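Novice: In the working numbering, the protein residues as written are 542 to 783.
Glycine included, each C-beta is placed from N, C-alpha and C at the ideal position.
The model shown is predicted, which means the values in this text are computed figures rather than measured ones.
1) Shortest alpha-carbon distance to residue 650 belongs to which of 750, 642, 670?
2) Would residue 558 be called buried (16 or more neighbouring beta carbons within 10 Å of its own) or exposed?
3) Provide the residue span of the alpha helix (DSSP H) that contains residue 608, from first to last.
4) So what's residue 627 in DSSP terms, helix, strand or just coil?
5) Apart from the five residues just before and just after residue 575, which ones in its own chain have a Cβ nearer than 7 Å to its Cβ?
6) For residue 725, collect the residues of the same chain with a Cβ closer than 8 Å to its Cβ; drop the 5 residues on either side in sequence, then sort them by chain order.
7) Leaving out five residues on either side along the sequence, give the residues of the same chain with a beta carbon under 8 Å from the beta carbon of residue 541.
8) Examine the Cβ distances between the region 628–639 and the region 681–692 and report whether three or more of them are shorter than 8 Å.
9) Could you tell me how far apart the beta carbons of residue 672 and residue 633 are, in whole angstroms, since I believe they sit closer than 8 Å?
10) Looking only at its own chain, which residues have a Cβ that is under 7 Å from the Cβ of residue 549, when we skip the five neighbours before and after it?
11) What is the DSSP secondary structure of residue 542, reduced to helix, strand or coil?
12) Taking the alpha-carbon of residue 628 as reference, which of 747, 655, 605 has the nearest alpha-carbon?
13) Taking its Cβ as the centre, do 16 or more other Cβ atoms sit within 10 Å of residue 755, making it buried, or is it exposed?
14) Should residue 645 be labelled buried (16 or more other beta-carbon atoms within 10 Å of its own) or exposed?
15) Which residue spans inside the region 646–698 form an unbroken alpha helix (DSSP H) run of at least 4?
16) Let me make sure I understand the geometry here. Which of 777, 678, 657, 749 has the alpha-carbon closest to that of residue 595?
17) Just grab the DSSP bridge partners of residue 620 for me.
18) Have a look at 765, 759, 747 and flag the residue whose alpha-carbon is nearest the alpha-carbon of residue 775.
19) Between which two residues does the alpha helix (DSSP H) harbouring residue 552 extend?
Structure, rendered in structure tokens:
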């Protein structure tokens, strides 16, 4: 899979992936990651990429010409999706991550200042995506999050495929708690069920913990989760305890 990031600060993006699973996948050729700087498509001595807003208002806006030129310079794959990281976009979740992973190429536009000229969105953007209801200084960190989340679903990126399937949100629920050695740490013991070797009991415990965590911390996720009849019974028991 190919990731292309349109950014004024390419070093911010590359620095995020010098290590870790994405960096290793890039080294192996499973993923490719490239940055394109709109400043390279300006024609004035100051390499100007922003300007004041029509109609007034504070702040500066990224100009349409260098952004569109940067986008048009990027090689296009057949299944490509152009994404603008924006506070006005749809909220990123695991279902959306799975949709994005179905593409061969993701082009991620990183805004700065007051954002980008609306005409770039109208002409070039397929989807606007937001990390959440808050504002950060630019789209680079958001682009890194999207790259990392999508990359985990690309075959060969994560060594243990089972670990991806067990991640939080993969099945619509939060993950269960996990433990490793030592068995006792500062007076806190590993739950006995995890030490007994009964895999059916362990799976049952983990499933209940997933439901319990989701019910307590993110009950909104249960509205869209597809539960088995056994999970429905566990959830009813948990609801009866409140």
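Specialist: According to the structure data:
1) Your numbering for residue 650 matches position 109 in the chain shown. Minimum Cα distance to residue 650 is reached at 670.
2) Along the chain shown, one-based indexing puts residue 558 at 17. Buried, by the Cβ-count rule.
3) Reading the chain shown from its first residue, position 67 is the one you call residue 608. Run containing residue 608: 605–613, per the alpha helix (DSSP H) assignment.
4) Here the question's residue 627 lines up with position 86 in the chain shown. Three-state DSSP puts residue 627 in a strand.
5) The residue you call residue 575 lines up with position 34 of the chain shown. Hits under 7 Å: 545.
6) As a working mapping, residue 725 is identified with position 184 in the chain shown. Within the same chain, residue 725 has close Cβ partners 731.
7) Residue 541 falls outside the range modelled here, since the chain spans only 542 to 783, and no answer is possible.
8) yes
9) Translated into the one-based positions of the chain shown, residue 672 becomes position 131. Translated into the one-based positions of the chain shown, residue 633 becomes position 92. Correct: roughly 6 Å between the Cβ atoms.
10) Position 8 of the chain shown, counting from 1, holds the residue named residue 549. If we look at residue 549 and ignore the five residues flanking it on each side, its Cβ neighbours are 578, 579, 580, 590, 653.
11) Within the chain shown, the letter at position 1 stands for residue 542. Reduced to three states, the DSSP call for residue 542 is coil.
12) Translated into positions along the chain shown, residue 628 becomes position 87. The option with the nearest alpha carbon to residue 628 is 655.
13) Translated into positions along the chain shown, residue 755 becomes position 214. The residue is buried, with at least 16 neighbouring Cβ atoms inside 10 Å.
14) Indexing the chain shown from 1 puts residue 645 at position 104. Result: exposed.
15) 659–665, 681–692
16) Locating residue 595 in the chain shown gives position 54, counting from the first residue. Residue 657 is the option with its Cα nearest to residue 595.
17) In the chain shown, counting from the first residue as 1, residue 620 sits at position 79. None; residue 620 has no bridge partner.
18) On the chain shown, position 234 is the one that residue 775 refers to. That would be 747, whose Cα lies nearest to the Cα of residue 775.
19) If you number the chain shown from 1, residue 552 lands on position 11. Its alpha helix (DSSP H) spans residues 551–557.
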